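Counting from 1, position 151 in the sequence shown corresponds to residue 201 in this note's numbering; the numbering is continuous, with no gaps. The beta-carbon is built from N, C-alpha and C at its ideal position, and this holds for glycine as well. Given the structure is predicted, the values throughout are model-derived calculations rather than measurements. Here the structure comes first, spelled out in structure tokens, and everything after it is commentary.
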Amino acid sequence: MSSAPTLTVSINPGSDGDSSHRPQNAAYRAKIPPNLYLEKIGTQWMQWRDEAKPGVRYYLDRLPDGYMLFEKPRPSNEKVVDKHLFGHPNHKHFDSPNRFFPHFLHLMNSNGSNIGCPCTVCGGTTLGPGLVSSGVPKAHSKAVTSIKRKWDSLD
Ligand SMILES: [Zn+2]
51 MSSAPTLTVS INPGSDGDSS HRPQNAAYRA KIPPNLYLEK IGTQWMQWRD EAKPGVRYYL
111 DRLPDGYMLF EKPRPSNEKV VDKHLFGHPN HKHFDSPNRF FPHFLHLMNS NGSNIGCPCT
171 VCGGTTLGPG LVSSGVPKAH SKAVTSIKRK WDSLD
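If you want it as structure tokens, here you go:
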């Protein structure tokens with residue numbers, strides 16, 4: 051084991067996490083604690099804040115509420131274990147800490163709101179359902195459609 055000093059970083063309390071978003075596939079196992087995300091996100095966050103010191107490893111004290119990491123051996127190659135982060139309100143998982151980081155950062159900087167979030171999973175959440183223009187990329191308008199459906203189902 052490395053003797054690099056480790057420091058715990060407390061996250062801000064706000065979150066958009068949805069604890070009803072959990073894997074349906076029984077092959078998934080909960081990864082507790084989710085060290086991969088705690089360390090990568092903790093370190094990136096400290097770097098973003100310009101507070102990271104060389105040689106120090108930073109761990110988040112926890113993931114934002116509602117988020118949970120699961121892992122599953124890949125069917126085509128059991129030696130590869132995919133780690134997926136569940137809990138996004140769009141019910142799509144993040145497949146790496148690098149993809150989650152922009153979302154995490156947005157939550158930390160906006161009291162847990164994902165409005166305006168630039169991450170790949172939020173995609174179109176910055177637009178209201180009526181604001182899809184013809185210039186919107188396909189993936190973008192697809193995300194908006196799924197959100198619209200969600201809103202419609204709340205009636
Ligand atoms: Zn996001």
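Check: residue i C-beta below 8 Å from any heavy atom of ligand 1
i    : result
P152 : yes
P168 : yes
N159 : no
V171 : yes
N85  : no
N164 : yes
H138 : yes
H156 : yes
Beta-carbon proximity check, residue i vs residue j, cutoff 9 Å
i    : j    : result
S146 : K129 : no
G92  : L110 : yes
P114 : G166 : no
D66  : G162 : yes
M118 : V59  : no
L155 : V106 : no
F120 : K81  : yes
K122 : Y78  : yes
P168 : P152 : yes
L157 : N148 : no
N-terminal and C-terminal residue of the beta strand (DSSP E) that residue i is part of
i   : result
V59 : T56 to V59
For residue i, the first and last residue of its enclosing alpha helix (DSSP H)
i    : result
F154 : P147 to N159
**Message:** Quick check on the DSSP output: what are the complete alpha helix (DSSP H) runs of length 4 or more inside the segment 77–139, in order along the chain?
**Reply:** 85–98
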